[in-house]
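Read the structure below first, then the notes.
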Amino acid sequence: MRKFFLLAVALLSGLLAYSQQFEPEWAGEVTILKIDEDTTAIPTEKSIPKVKTSSSAGRLLVGIGNVRQKAIIKNGRSTTQIKPENTVTLVVKCKDNETDPTTFIQIVKFEEKKKERRAELANVNWLGNVSEGNMEYINFQGKRYGKSSYILTFPAIEGEFGVKVMNPNERDEKTTVFYCFGIHNDNIDNNTAQN
33 MRKFFLLAVA LLSGLLAYSQ QFEPEWAGEV TILKIDEDTT AIPTEKSIPK VKTSSSAGRL
93 LVGIGNVRQK AIIKNGRSTT QIKPENTVTL VVKCKDNETD PTTFIQIVKF EEKKKERRAE
153 LANVNWLGNV SEGNMEYINF QGKRYGKSSY ILTFPAIEGE FGVKVMNPNE RDEKTTVFYC
213 FGIHNDNIDN NTAQN
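Going letter by letter, the sequence shown gives residues 33 to 227 in this note's numbering.
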(Lines of atoms letter the chains of each structure in order from A; the text may use other names.)
(Lines give C-alpha, C1' and ligand atoms only; values in the text may rest on other atoms or scores of the structure.)
Protein backbone atom coordinates (compact mmCIF):
# COMPACT_ATOMS: atom_id res chain seq x y z
CA MET A 33 0.00 0.00 0.00
CA ARG A 34 2.84 2.37 0.87
CA LYS A 35 4.53 1.73 -2.51
CA PHE A 36 1.25 2.46 -4.31
CA PHE A 37 0.89 5.74 -2.39
CA LEU A 38 4.49 6.79 -3.18
CA LEU A 39 3.98 5.91 -6.84
CA ALA A 40 0.77 8.00 -6.96
CA VAL A 41 2.55 10.98 -5.33
CA ALA A 42 5.44 10.69 -7.81
CA LEU A 43 3.07 10.58 -10.80
CA LEU A 44 1.06 13.54 -9.50
CA SER A 45 4.26 15.55 -8.93
CA GLY A 46 5.43 14.73 -12.45
CA LEU A 47 2.13 15.84 -13.98
CA LEU A 48 2.16 19.08 -11.98
CA ALA A 49 5.75 19.83 -13.03
CA TYR A 50 4.92 19.09 -16.69
CA SER A 51 1.87 21.36 -16.65
CA GLN A 52 4.01 24.25 -15.40
CA GLN A 53 7.11 23.73 -17.52
CA PHE A 54 6.05 26.32 -20.09
CA GLU A 55 4.99 29.02 -17.60
CA PRO A 56 7.17 32.15 -17.68
CA GLU A 57 9.12 32.95 -14.51
CA TRP A 58 7.52 36.29 -13.56
CA ALA A 59 3.96 37.59 -13.38
CA GLY A 60 3.20 39.63 -16.48
CA GLU A 61 5.69 37.81 -18.73
CA VAL A 62 4.71 36.22 -22.03
CA THR A 63 6.15 33.31 -24.02
CA ILE A 64 5.20 31.80 -27.36
CA LEU A 65 4.58 28.06 -27.52
CA LYS A 66 5.97 26.32 -30.58
CA ILE A 67 3.83 23.21 -30.73
CA ASP A 68 5.08 20.30 -32.81
CA GLU A 69 6.65 16.91 -31.97
CA ASP A 70 8.63 18.60 -29.18
CA THR A 71 6.80 21.62 -27.71
CA THR A 72 9.12 24.51 -26.78
CA ALA A 73 8.62 27.90 -25.15
CA ILE A 74 10.07 30.90 -27.01
CA PRO A 75 10.70 34.06 -24.98
CA THR A 76 9.25 37.30 -26.36
CA GLU A 77 11.10 40.61 -26.64
CA LYS A 78 10.43 42.73 -23.54
CA SER A 79 10.10 46.36 -24.59
CA ILE A 80 9.41 49.52 -22.65
CA PRO A 81 8.13 51.98 -25.25
CA LYS A 82 9.02 55.62 -25.50
CA VAL A 83 5.82 57.67 -25.28
CA LYS A 84 5.69 60.60 -27.69
CA THR A 85 3.08 63.33 -27.86
CA SER A 86 2.43 65.17 -31.11
CA SER A 87 0.04 67.94 -32.09
CA SER A 88 -1.73 68.29 -35.42
CA ALA A 89 -0.89 71.27 -37.66
CA GLY A 90 -4.24 72.90 -36.83
CA ARG A 91 -3.49 72.68 -33.13
CA LEU A 92 -0.13 74.36 -33.62
CA LEU A 93 -1.40 77.13 -35.92
CA VAL A 94 -4.79 78.12 -34.54
CA GLY A 95 -5.23 76.09 -31.36
CA ILE A 96 -7.84 73.78 -32.84
CA GLY A 97 -6.80 70.22 -33.57
CA ASN A 98 -5.81 66.96 -31.98
CA VAL A 99 -2.99 65.85 -29.72
CA ARG A 100 -1.93 62.24 -30.12
CA GLN A 101 0.04 60.11 -27.69
CA LYS A 102 1.94 57.19 -29.23
CA ALA A 103 3.95 54.29 -27.85
CA ILE A 104 7.11 53.89 -29.93
CA ILE A 105 9.39 50.85 -29.82
CA LYS A 106 12.82 50.90 -31.47
CA ASN A 107 13.52 48.77 -34.54
CA GLY A 108 11.04 47.98 -37.26
CA ARG A 109 10.82 44.34 -36.25
CA SER A 110 10.99 42.43 -32.99
CA THR A 111 13.96 40.22 -32.19
CA THR A 112 11.47 37.35 -31.74
CA GLN A 113 10.09 36.26 -35.11
CA ILE A 114 7.89 33.29 -35.96
CA LYS A 115 6.49 31.98 -39.23
CA PRO A 116 2.78 32.36 -39.91
CA GLU A 117 1.05 29.10 -39.07
CA ASN A 118 -2.63 28.47 -38.43
CA THR A 119 -2.68 29.58 -34.79
CA VAL A 120 -0.40 31.49 -32.43
CA THR A 121 -0.26 30.12 -28.88
CA LEU A 122 0.95 32.35 -26.03
CA VAL A 123 1.42 31.64 -22.32
CA VAL A 124 0.91 34.66 -20.04
CA LYS A 125 1.81 34.34 -16.36
CA CYS A 126 -0.30 36.33 -13.90
CA LYS A 127 -0.81 36.52 -10.14
CA ASP A 128 -3.60 33.96 -10.49
CA ASN A 129 -5.90 32.76 -13.23
CA GLU A 130 -9.28 33.50 -11.66
CA THR A 131 -10.14 36.51 -13.88
CA ASP A 132 -11.30 36.61 -17.49
CA PRO A 133 -8.07 37.36 -19.41
CA THR A 134 -9.84 39.59 -21.94
CA THR A 135 -10.41 42.15 -19.17
CA PHE A 136 -6.73 42.87 -18.51
CA ILE A 137 -4.62 41.38 -21.32
CA GLN A 138 -4.35 43.13 -24.69
CA ILE A 139 -2.72 41.90 -27.87
CA VAL A 140 -1.91 44.90 -30.08
CA LYS A 141 -0.85 44.93 -33.72
CA PHE A 142 1.76 47.65 -34.24
CA GLU A 143 2.09 50.00 -37.17
CA GLU A 144 5.39 48.99 -38.77
CA LYS A 145 7.93 51.57 -39.86
CA LYS A 146 11.49 51.00 -41.05
CA LYS A 147 13.12 52.01 -37.75
CA GLU A 148 10.27 51.63 -35.25
CA ARG A 149 6.96 50.05 -34.31
CA ARG A 150 4.19 52.27 -32.99
CA ALA A 151 0.69 52.28 -31.59
CA GLU A 152 -1.53 55.24 -30.74
CA LEU A 153 -2.37 55.23 -27.02
CA ALA A 154 -4.68 58.25 -26.82
CA ASN A 155 -6.14 61.09 -28.85
CA VAL A 156 -7.25 64.41 -27.30
CA ASN A 157 -9.38 66.70 -29.46
CA TRP A 158 -9.54 70.50 -29.21
CA LEU A 159 -12.51 70.31 -26.82
CA GLY A 160 -10.47 68.25 -24.39
CA ASN A 161 -12.27 64.97 -25.05
CA VAL A 162 -9.92 62.03 -24.62
CA SER A 163 -10.41 58.86 -26.62
CA GLU A 164 -8.45 55.65 -26.68
CA GLY A 165 -6.02 55.63 -29.58
CA ASN A 166 -6.49 53.74 -32.80
CA MET A 167 -4.62 50.65 -31.64
CA GLU A 168 -5.57 47.52 -33.53
CA TYR A 169 -6.50 44.94 -30.89
CA ILE A 170 -6.37 41.24 -31.72
CA ASN A 171 -9.19 39.05 -30.40
CA PHE A 172 -8.03 35.89 -28.65
CA GLN A 173 -9.34 32.83 -26.86
CA GLY A 174 -8.06 32.31 -23.31
CA LYS A 175 -7.88 29.24 -21.08
CA ARG A 176 -6.40 28.64 -17.65
CA TYR A 177 -2.99 27.00 -17.57
CA GLY A 178 -1.08 25.75 -14.54
CA LYS A 179 -1.44 27.56 -11.22
CA SER A 180 -1.42 31.16 -12.39
CA SER A 181 -1.17 31.41 -16.17
CA TYR A 182 -3.34 31.61 -19.24
CA ILE A 183 -2.95 30.10 -22.69
CA LEU A 184 -4.06 32.59 -25.35
CA THR A 185 -4.67 31.57 -28.96
CA PHE A 186 -5.47 33.62 -32.04
CA PRO A 187 -5.24 33.17 -35.82
CA ALA A 188 -1.78 33.92 -37.21
CA ILE A 189 -1.67 37.01 -39.40
CA GLU A 190 1.50 38.73 -40.57
CA GLY A 191 2.68 41.76 -38.65
CA GLU A 192 4.36 42.98 -35.48
CA PHE A 193 2.56 42.44 -32.18
CA GLY A 194 2.83 43.35 -28.53
CA VAL A 195 1.13 41.82 -25.52
CA LYS A 196 0.31 44.22 -22.71
CA VAL A 197 -0.69 42.80 -19.32
CA MET A 198 -2.40 45.47 -17.26
CA ASN A 199 -2.14 45.28 -13.48
CA PRO A 200 -1.08 41.64 -13.09
CA ASN A 201 -0.50 42.18 -9.35
CA GLU A 202 -3.36 44.61 -8.62
CA ARG A 203 -0.93 47.50 -8.25
CA ASP A 204 -0.85 50.82 -10.04
CA GLU A 205 1.01 50.59 -13.29
CA LYS A 206 4.22 52.59 -13.29
CA THR A 207 5.62 51.51 -16.65
CA THR A 208 3.97 50.29 -19.82
CA VAL A 209 5.64 47.09 -20.99
CA PHE A 210 4.97 45.26 -24.24
CA TYR A 211 6.09 41.68 -24.82
CA CYS A 212 6.76 41.77 -28.55
CA PHE A 213 7.01 39.31 -31.41
CA GLY A 214 6.61 39.34 -35.16
CA ILE A 215 4.88 36.99 -37.57
CA HIS A 216 6.52 37.12 -40.98
CA ASN A 217 7.21 34.69 -43.79
CA ASP A 218 10.40 36.47 -44.84
CA ASN A 219 13.64 37.49 -43.10
CA ILE A 220 13.63 34.68 -40.55
CA ASP A 221 17.18 33.48 -40.00
CA ASN A 222 18.86 31.15 -37.52
CA ASN A 223 19.03 33.84 -34.82
CA THR A 224 15.26 34.16 -34.51
CA ALA A 225 12.64 31.68 -33.43
CA GLN A 226 10.72 29.77 -36.02
CA ASN A 227 7.24 28.41 -35.63
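Where is the CB? At the ideal position from N, CA and C, for every residue including glycine.
At the level of alpha carbons, what is the spacing between Val124 and Asn155? Numbered from 1 along the sequence shown, position 92 holds the residue referred to as residue 124. Numbered from 1 along the sequence shown, position 123 holds the residue referred to as residue 155. If you take the alpha carbons of Val124 and Asn155, they lie about 29 Å apart.
By the three-class DSSP mapping on this structure, what secondary structure does Pro116 have? Taking the first residue of the sequence shown as position 1, residue 116 is located at position 84. DSSP places Pro116 in coil when its eight states are reduced to three.
Residues bridged to Thr72 (per DSSP): The residue you call residue 72 lines up with position 40 of the sequence shown. DSSP lists Lys66 as partners of Thr72.
Leaving out five residues on either side along the sequence, give the residues of the same chain with a beta carbon under 8 Å from the beta carbon of Thr112. Within the sequence shown, numbered from 1, the residue matching residue 112 stands at position 80. If we look at Thr112 and ignore the five residues flanking it on each side, its Cβ neighbours are Ile64, Ile74, Pro75, Thr76, Glu77, Cys212, Phe213, Gly214, Thr224 and Ala225.
Let me make sure I understand the geometry here. Which of Lys66, Ile104 and Val83 has the alpha-carbon closest to that of Glu234? Any question about residue 234 goes unanswered here, given that the chain covers just 33 to 227.
In chain order, what residues of the same chain have a beta carbon less than 6 Å from the beta carbon of Val209, not counting five sequence neighbours either side? Counted from its first residue, the sequence shown places residue 209 at position 177. Once the five neighbours on either side are set aside, the close Cβ partners of Val209 are Ile80.
Neighbourhood of Ala151 by C-beta, 6 Å cutoff - its chain only, sequence neighbours within 5 removed: Taking the first residue of the sequence shown as 1, we reach residue 151 at position 119. Here the set comprises Ala103, Val140, Phe142 and Met167.
Which same chain residues, not among the five before or five after Glu57, have their C-beta less than 8 Å away from its C-beta? Along the sequence shown, read from residue 1 onward, the residue named residue 57 stands at position 25. Once the five neighbours on either side are set aside, the close Cβ partners of Glu57 are Lys125.
Using the C-alpha atoms, what's the distance from Ile189 back to Leu153? The residue labelled residue 153 in the question sits at position 121 within the sequence shown. The residue labelled residue 189 in the question sits at position 157 within the sequence shown. Distance between the alpha carbons of Leu153 and Ile189 is about 22 Å.
Reduced DSSP secondary structure (H/G/I, E/B, other) of Pro81: Mapped onto the sequence shown, residue 81 falls at position 49. Coil.
Closer than 6 Å: Asp132 CB and nearest the ligand SAH heavy atom: The model on display carries no ligand, and the ligand SAH is accordingly not part of it.
Between Tyr182, Phe186, Tyr177 and Asn157, which has its C-alpha nearest Asn171's C-alpha? Reading the sequence shown from its first residue, position 139 is the one you call residue 171. Ranking the options by Cα distance to Asn171, first place goes to Phe186.
Name the two residues that bound the continuous beta strand (DSSP E) containing Ser181. Within the sequence shown, numbered from 1, the residue matching residue 181 stands at position 149. Start and end: Ser181 to Pro187.
Identified DSSP bridge partners for Arg150: For the purposes of this step, residue 150 is taken as residue 118 along the sequence shown, with counting starting at 1. DSSP lists Ile104 and Glu143 as partners of Arg150.
Name the DSSP beta bridge partners of Ile215, please? Along the sequence shown, read from residue 1 onward, the residue named residue 215 stands at position 183. According to DSSP, which records beta bridges pairwise, Ile215 is partnered with Ile114 and Gly191.
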